[in-house]
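Student: As numbered in the numbering used here, residues 361 to 541 make up the sequence shown, in order. What follows is a single structure, and I will ask about it in a moment.
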Amino acid sequence: MNAQDFSNDGFTLIELIISLAIISILVLGIYNLIFLSTNAMGIEDEADDYLVSGTYVVEYISDEIRSGDYILPSYLIKNLDITYPYNFKFVILNKSDDINEYITYYYTGKEIVRISHKTSSNNLPEISKFDGYNKLDLGVSDIGDSGLNLDNNVVYLDLTFGDKTTFKVRSAVNVENKIIR
């Protein structure tokens, strides 16, 4: 056998190295594509959760404001602004038969909490009488300018949700003819 018979059989070392390099580039490219798409889906899922949660919280509070009989500024409830400095600056009063139910919301730094007090007395209660600890949402990062605007007779809800990606959910509820000053 002479040398010419073996020259076209198999790969040379250079061809083998180039083939391995091309295959590894393709495998890494496919891996990166899968990794990035998985991360993007996770971010989108988190964003959807915050959006749904934020809409629920704003609608829940808005519905409770609309269904309430009266809206009181928070300063009328003794020690409310001192005990809960990040409250929503309003208290909802529902009157039914001989029972008055007072409802308010405050922000703890990571969640919105609803507290209430039922009484048969017509006197305004102190904040120490309020009980319940109903968490409306985790994931709130800011309550912005939420609160009762006495000049416009409107309750504004301006909530920000999320840590890395943030979403703002805003609402304005007209409370004209409901405010007790």
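From the three backbone atoms N, C-alpha and C, an ideal C-beta is built for every residue, glycine too.
Keeping to the same chain, check which residues put their C-beta closer than 8 Å to that of aspartate 505; ignore five residues upstream and five downstream.
Tutor: Counting only Cβ-Cβ distances below 8 Å, and skipping sequence neighbours, we find Tyr516 and Asp518.
Student: Per DSSP, what kind of secondary structure is asparagine 482 in: helix, strand or coil?
Tutor: If DSSP states are grouped into helix, strand and coil, asparagine 482 belongs with coil.
Student: If valine 500 and phenylalanine 521 are in contact, beta carbons under 8 Å, what's the gap, nearest whole angstrom?
Tutor: Indeed they touch by this definition, with Cβ atoms about 6 Å apart.
Student: Could you give the C-beta distance for tyrosine 467 and leucine 453, rounded to a whole number, given that I count them as a contact under 8 Å?
Tutor: Between leucine 453 and tyrosine 467 the Cβ distance is about 21 Å, and since that is not below 8 Å, they are no contact.
Student: State whether the region 475-494 contacts the region 410-426, with contact taken as three or more CB pairs (one from each stretch) at a distance under 8 Å.
Tutor: With the cut-off at 8 Å, the region 475-494 and the region 410-426 do not touch.
Student: How would you call lysine 495, buried or exposed, if buried means at least 16 neighbouring beta carbons within 10 angstroms?
Tutor: Exposed, by the Cβ-count rule.
Student: Do the CB positions of leucine 510 and isoleucine 540 come within less than 8 Å of each other?
Tutor: No, these two residues do not count as a Cβ contact at 8 Å.
Student: Could you say which of Ile403, Ile437 and Val418 lies nearest to leucine 484 if we only look at CA atoms?
Tutor: Per the Cα distances, Ile437.
Student: Excluding the 5 residues preceding and the 5 following lysine 455 in the sequence, name in chain order all residues of the same chain whose CB lies nearer than 6 Å to its CB.
Tutor: Hits under 6 Å: Asp429.
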